[in-house]
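Residue numbers (my numbering): 80 to 347.
Right, here's the structure in full:
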(Lines of atoms letter the chains of each structure in order from A and count residues from 1; the text may use other names and numbers.)
(Lines give C-alpha, C1' and ligand atoms only; values in the text may rest on other atoms or scores of the structure.)
Protein backbone atom coordinates (compact mmCIF):
# COMPACT_ATOMS: atom_id res chain seq x y z
CA UNK A 1 0.00 0.00 0.00
CA UNK A 2 1.28 3.44 -0.93
CA UNK A 3 -0.05 6.55 0.80
CA UNK A 4 0.29 10.12 -0.46
CA UNK A 5 -0.18 13.18 1.74
CA UNK A 6 -0.89 16.37 -0.22
CA UNK A 7 -0.03 19.41 1.87
CA UNK A 8 2.67 19.55 4.53
CA UNK A 9 1.07 22.04 6.91
CA UNK A 10 0.40 21.27 10.56
CA UNK A 11 -2.16 18.52 10.00
CA UNK A 12 -0.65 17.00 6.88
CA UNK A 13 2.74 16.75 8.53
CA UNK A 14 1.20 15.38 11.75
CA UNK A 15 -0.35 12.51 9.81
CA UNK A 16 2.79 11.93 7.75
CA UNK A 17 4.99 11.68 10.83
CA UNK A 18 2.52 9.40 12.59
CA UNK A 19 2.15 7.15 9.55
CA UNK A 20 5.90 6.61 9.12
CA UNK A 21 6.16 5.59 12.78
CA UNK A 22 3.32 3.08 12.45
CA UNK A 23 3.53 -0.54 11.38
CA UNK A 24 1.10 -0.07 8.49
CA UNK A 25 3.57 1.29 5.99
CA UNK A 26 6.88 -0.22 4.98
CA UNK A 27 9.88 1.97 4.29
CA UNK A 28 9.33 4.59 1.56
CA UNK A 29 5.66 3.72 1.07
CA UNK A 30 4.71 7.18 2.28
CA UNK A 31 4.86 10.02 -0.21
CA UNK A 32 4.30 13.67 0.64
CA UNK A 33 3.83 16.60 -1.71
CA UNK A 34 3.96 20.32 -1.10
CA UNK A 35 4.26 23.36 -3.36
CA UNK A 36 6.73 25.19 -1.09
CA UNK A 37 10.41 24.61 -2.05
CA UNK A 38 11.48 25.50 1.50
CA UNK A 39 9.06 22.97 2.97
CA UNK A 40 10.08 20.19 0.60
CA UNK A 41 13.77 20.71 1.38
CA UNK A 42 12.94 20.45 5.05
CA UNK A 43 10.92 17.28 4.46
CA UNK A 44 13.74 15.59 2.55
CA UNK A 45 15.72 15.49 5.79
CA UNK A 46 13.16 12.98 7.14
CA UNK A 47 14.55 9.78 5.66
CA UNK A 48 11.35 7.72 5.41
CA UNK A 49 9.46 10.28 3.31
CA UNK A 50 9.51 10.32 -0.45
CA UNK A 51 9.08 14.02 -1.17
CA UNK A 52 7.58 15.48 -4.34
CA UNK A 53 6.79 18.91 -5.69
CA UNK A 54 5.04 17.68 -8.85
CA UNK A 55 1.86 15.70 -8.24
CA UNK A 56 2.20 13.93 -11.59
CA UNK A 57 5.27 12.15 -10.19
CA UNK A 58 3.49 10.68 -7.17
CA UNK A 59 -0.32 10.74 -7.50
CA UNK A 60 -0.63 7.81 -9.96
CA UNK A 61 1.37 5.60 -7.56
CA UNK A 62 -0.88 6.20 -4.54
CA UNK A 63 -3.56 3.84 -3.24
CA UNK A 64 -4.75 6.23 -0.53
CA UNK A 65 -4.49 10.01 -0.75
CA UNK A 66 -4.73 12.39 2.19
CA UNK A 67 -5.67 15.92 1.13
CA UNK A 68 -4.56 18.39 3.78
CA UNK A 69 -4.78 21.82 2.17
CA UNK A 70 -6.81 24.90 3.02
CA UNK A 71 -10.40 24.61 1.69
CA UNK A 72 -10.04 27.69 -0.50
CA UNK A 73 -7.38 25.86 -2.56
CA UNK A 74 -9.75 23.06 -3.58
CA UNK A 75 -10.92 24.37 -6.97
CA UNK A 76 -7.40 24.80 -8.29
CA UNK A 77 -6.15 21.57 -6.70
CA UNK A 78 -9.06 19.41 -7.86
CA UNK A 79 -8.66 20.68 -11.43
CA UNK A 80 -5.01 19.56 -11.33
CA UNK A 81 -5.74 16.18 -9.73
CA UNK A 82 -8.81 15.08 -11.68
CA UNK A 83 -7.10 13.99 -14.95
CA UNK A 84 -4.67 11.83 -12.97
CA UNK A 85 -7.13 10.13 -10.59
CA UNK A 86 -7.97 6.42 -10.72
CA UNK A 87 -11.39 4.93 -9.72
CA UNK A 88 -9.72 2.57 -7.23
CA UNK A 89 -7.97 5.34 -5.29
CA UNK A 90 -9.36 6.38 -1.90
CA UNK A 91 -9.26 10.06 -0.96
CA UNK A 92 -9.22 11.06 2.71
CA UNK A 93 -10.00 14.74 3.12
CA UNK A 94 -9.08 16.60 6.28
CA UNK A 95 -10.35 19.89 4.89
CA UNK A 96 -13.01 21.59 7.01
CA UNK A 97 -16.38 21.99 5.33
CA UNK A 98 -15.53 20.31 2.01
CA UNK A 99 -18.34 17.85 1.32
CA UNK A 100 -18.08 14.32 -0.02
CA UNK A 101 -20.22 15.21 -3.04
CA UNK A 102 -18.04 18.20 -3.93
CA UNK A 103 -14.99 15.93 -3.82
CA UNK A 104 -16.68 13.31 -5.97
CA UNK A 105 -17.63 15.95 -8.52
CA UNK A 106 -14.32 17.80 -8.38
CA UNK A 107 -12.10 14.72 -8.56
CA UNK A 108 -14.26 12.41 -10.68
CA UNK A 109 -14.03 9.54 -8.19
CA UNK A 110 -16.41 7.77 -5.80
CA UNK A 111 -14.31 6.50 -2.86
CA UNK A 112 -14.12 9.46 -0.49
CA UNK A 113 -13.61 9.74 3.26
CA UNK A 114 -14.31 13.03 4.99
CA UNK A 115 -12.37 13.34 8.25
CA UNK A 116 -12.11 16.00 10.94
CA UNK A 117 -8.97 15.72 13.09
CA UNK A 118 -7.93 18.04 15.89
CA UNK A 119 -4.66 19.69 16.87
CA UNK A 120 -3.53 17.12 19.51
CA UNK A 121 -2.95 14.78 16.55
CA UNK A 122 0.47 16.46 16.46
CA UNK A 123 1.40 14.71 19.72
CA UNK A 124 -0.44 11.42 19.15
CA UNK A 125 -3.41 12.45 21.30
CA UNK A 126 -5.76 13.48 18.52
CA UNK A 127 -9.38 12.63 17.89
CA UNK A 128 -10.48 12.23 14.28
CA UNK A 129 -14.15 11.89 13.40
CA UNK A 130 -14.91 10.59 9.93
CA UNK A 131 -17.57 9.35 7.54
CA UNK A 132 -17.31 7.82 4.09
CA UNK A 133 -19.13 7.47 0.80
CA UNK A 134 -21.05 4.23 0.24
CA UNK A 135 -18.52 3.08 -2.34
CA UNK A 136 -15.80 2.59 0.31
CA UNK A 137 -15.89 -1.08 1.31
CA UNK A 138 -15.78 -2.43 4.86
CA UNK A 139 -12.23 -3.68 4.36
CA UNK A 140 -11.17 -0.29 3.01
CA UNK A 141 -12.87 1.45 5.94
CA UNK A 142 -10.91 -0.75 8.33
CA UNK A 143 -7.68 0.27 6.63
CA UNK A 144 -8.68 3.95 6.75
CA UNK A 145 -9.52 3.71 10.45
CA UNK A 146 -6.13 2.13 11.20
CA UNK A 147 -4.38 4.95 9.37
CA UNK A 148 -6.38 7.64 11.17
CA UNK A 149 -5.69 5.97 14.54
CA UNK A 150 -1.96 6.55 14.12
CA UNK A 151 -2.49 10.09 15.46
CA UNK A 152 -4.60 9.04 18.45
CA UNK A 153 -8.18 7.79 18.17
CA UNK A 154 -10.87 7.90 15.51
CA UNK A 155 -14.66 7.75 15.60
CA UNK A 156 -16.72 6.70 12.59
CA UNK A 157 -19.91 8.74 12.23
CA UNK A 158 -23.02 8.07 10.17
CA UNK A 159 -23.43 11.36 8.33
CA UNK A 160 -21.59 14.46 7.23
CA UNK A 161 -23.83 16.49 9.52
CA UNK A 162 -22.34 14.49 12.39
CA UNK A 163 -18.86 15.42 11.17
CA UNK A 164 -19.88 19.09 11.11
CA UNK A 165 -21.19 18.72 14.66
CA UNK A 166 -17.95 17.07 15.79
CA UNK A 167 -16.12 20.12 14.42
CA UNK A 168 -17.84 22.20 17.09
CA UNK A 169 -16.77 19.80 19.83
CA UNK A 170 -13.53 17.97 19.11
CA UNK A 171 -12.29 19.75 15.98
CA UNK A 172 -12.38 23.27 17.42
CA UNK A 173 -12.48 22.09 21.03
CA UNK A 174 -8.75 22.38 21.82
CA UNK A 175 -9.00 26.14 21.19
CA UNK A 176 -11.75 26.37 23.83
CA UNK A 177 -9.47 24.60 26.31
CA UNK A 178 -6.60 26.94 25.44
CA UNK A 179 -8.95 29.92 25.89
CA UNK A 180 -9.84 28.72 29.39
CA UNK A 181 -6.19 28.00 30.20
CA UNK A 182 -5.18 31.47 29.03
CA UNK A 183 -7.79 33.06 31.28
CA UNK A 184 -6.63 31.02 34.27
CA UNK A 185 -3.00 31.92 33.60
CA UNK A 186 -3.91 35.61 33.40
CA UNK A 187 -5.67 35.30 36.76
CA UNK A 188 -2.64 33.54 38.24
CA UNK A 189 -0.29 36.29 37.03
CA UNK A 190 -2.56 38.95 38.55
CA UNK A 191 -2.34 37.04 41.83
CA UNK A 192 1.45 37.45 41.70
CA UNK A 193 2.66 34.21 40.12
CA UNK A 194 5.41 34.26 37.49
CA UNK A 195 4.67 33.22 33.92
CA UNK A 196 6.53 29.94 34.51
CA UNK A 197 4.66 29.15 37.72
CA UNK A 198 1.33 30.15 36.14
CA UNK A 199 1.96 27.73 33.29
CA UNK A 200 2.86 24.91 35.69
CA UNK A 201 -0.17 25.57 37.91
CA UNK A 202 -2.63 25.64 35.03
CA UNK A 203 -1.09 22.97 32.79
CA UNK A 204 -0.69 20.42 35.55
CA UNK A 205 -4.20 21.11 36.84
CA UNK A 206 -5.71 20.46 33.40
CA UNK A 207 -3.59 17.36 32.87
CA UNK A 208 -4.61 15.89 36.22
CA UNK A 209 -8.31 16.71 35.79
CA UNK A 210 -8.41 15.10 32.33
CA UNK A 211 -6.65 12.00 33.66
CA UNK A 212 -9.24 11.67 36.44
CA UNK A 213 -12.07 12.08 33.94
CA UNK A 214 -10.68 9.52 31.47
CA UNK A 215 -9.96 6.88 34.11
CA UNK A 216 -13.32 7.03 35.86
CA UNK A 217 -16.99 6.62 35.05
CA UNK A 218 -17.80 9.67 37.15
CA UNK A 219 -19.43 12.53 35.23
CA UNK A 220 -18.04 16.08 35.19
CA UNK A 221 -20.88 17.08 37.53
CA UNK A 222 -19.86 14.27 39.88
CA UNK A 223 -16.26 15.44 39.94
CA UNK A 224 -17.36 19.04 40.58
CA UNK A 225 -19.34 17.87 43.60
CA UNK A 226 -16.27 16.07 44.93
CA UNK A 227 -14.14 19.20 44.64
CA UNK A 228 -16.71 21.80 45.73
CA UNK A 229 -17.89 21.87 49.35
CA UNK A 230 -20.65 24.13 50.60
CA UNK A 231 -19.33 27.58 51.43
CA UNK A 232 -15.85 26.72 50.13
CA UNK A 233 -13.50 28.28 47.59
CA UNK A 234 -14.45 26.03 44.67
CA UNK A 235 -18.15 26.60 45.30
CA UNK A 236 -17.51 30.35 45.15
CA UNK A 237 -15.82 29.97 41.75
CA UNK A 238 -18.55 27.72 40.35
CA UNK A 239 -21.28 30.04 41.62
CA UNK A 240 -19.56 32.93 39.84
CA UNK A 241 -19.51 30.95 36.58
CA UNK A 242 -23.18 30.03 36.93
CA UNK A 243 -24.14 33.62 37.73
CA UNK A 244 -22.36 34.73 34.55
CA UNK A 245 -24.02 32.02 32.45
CA UNK A 246 -20.66 30.53 31.40
CA UNK A 247 -22.19 27.12 30.61
CA UNK A 248 -24.59 28.60 28.06
CA UNK A 249 -21.84 30.73 26.51
CA UNK A 250 -19.67 27.64 25.99
CA UNK A 251 -22.58 25.78 24.39
CA UNK A 252 -23.24 28.78 22.13
CA UNK A 253 -19.58 28.84 21.07
CA UNK A 254 -19.67 25.13 20.13
CA UNK A 255 -22.80 25.69 18.05
CA UNK A 256 -21.17 28.69 16.35
CA UNK A 257 -18.35 26.40 15.16
CA UNK A 258 -20.88 23.75 14.08
CA UNK A 259 -22.94 26.29 12.11
CA UNK A 260 -19.83 27.66 10.42
CA UNK A 261 -18.83 24.13 9.35
CA UNK A 262 -22.26 23.73 7.75
CA UNK A 263 -21.88 27.09 5.99
CA UNK A 264 -18.47 26.08 4.62
CA UNK A 265 -20.03 22.90 3.25
CA UNK A 266 -22.72 24.86 1.44
CA UNK A 267 -20.09 27.20 0.01
CA UNK A 268 -18.08 24.27 -1.32
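Positions of the beta carbon are idealized from the N, C-alpha and C atoms, including for glycine.
Taking Cβ to Cβ, would you say residue i is nearer than 8 Å to residue j?
i: residue 183; j: residue 142; result: no
i: residue 84; j: residue 127; result: no
i: residue 188; j: residue 168; result: yes
i: residue 246; j: residue 174; result: no
i: residue 255; j: residue 144; result: no
i: residue 170; j: residue 156; result: no
i: residue 107; j: residue 129; result: yes
i: residue 176; j: residue 340; result: yes
i: residue 218; j: residue 103; result: no
i: residue 89; j: residue 180; result: no
Mark residue i as exposed unless 16 or more other C-beta atoms lie within 10 angstroms of its C-beta, in which case mark it buried.
i: residue 344; result: buried
i: residue 162; result: exposed
i: residue 215; result: buried
i: residue 197; result: buried
i: residue 311; result: exposed
i: residue 223; result: buried
i: residue 151; result: exposed
i: residue 153; result: buried
i: residue 313; result: exposed
Going by DSSP, what residues sit across from residue i in a beta bridge?
i: residue 359; result: The structure shown does not extend to residue 359, since the chain spans only 80 to 347, so no value can be given for it.
i: residue 112; result: 85, 131
i: residue 145; result: 84, 171
Within the segment 218-290, ranges of the beta strand (DSSP E) (whole runs, at least 3 residues): The beta strand (DSSP E) runs lying completely inside the segment 218-290 and spanning 3 residues or more are 231-235, given in chain order.
At least three beta-carbon pairs within less than 8 Å, the segment 204-212 to the segment 221-237: Touching, yes.
Uninterrupted beta strand (DSSP E) stretches inside the segment 159-194 (no shorter than 3 residues): For the segment 159-194, whole beta strand (DSSP E) runs of length 3 or above, ordered along the chain, are 169-172.
Ranges of the alpha helix (DSSP H) found wholly within the segment 288-313, counting only runs of at least 4: Taking only runs of at least 4 residues, the alpha helix (DSSP H) segments lying wholly in the segment 288-313 are 299-306.
Sufficient close CB pairs (3 or more, under 8 Å) joining the segment 260-271 to the segment 208-216: Touching, no, given that fewer than three Cβ pairs across the two stretches are closer than 8 Å.
Cβ contact (3+ pairs, closer than 8 Å) linking the segment 243-261 and the segment 109-126: Touching, no.
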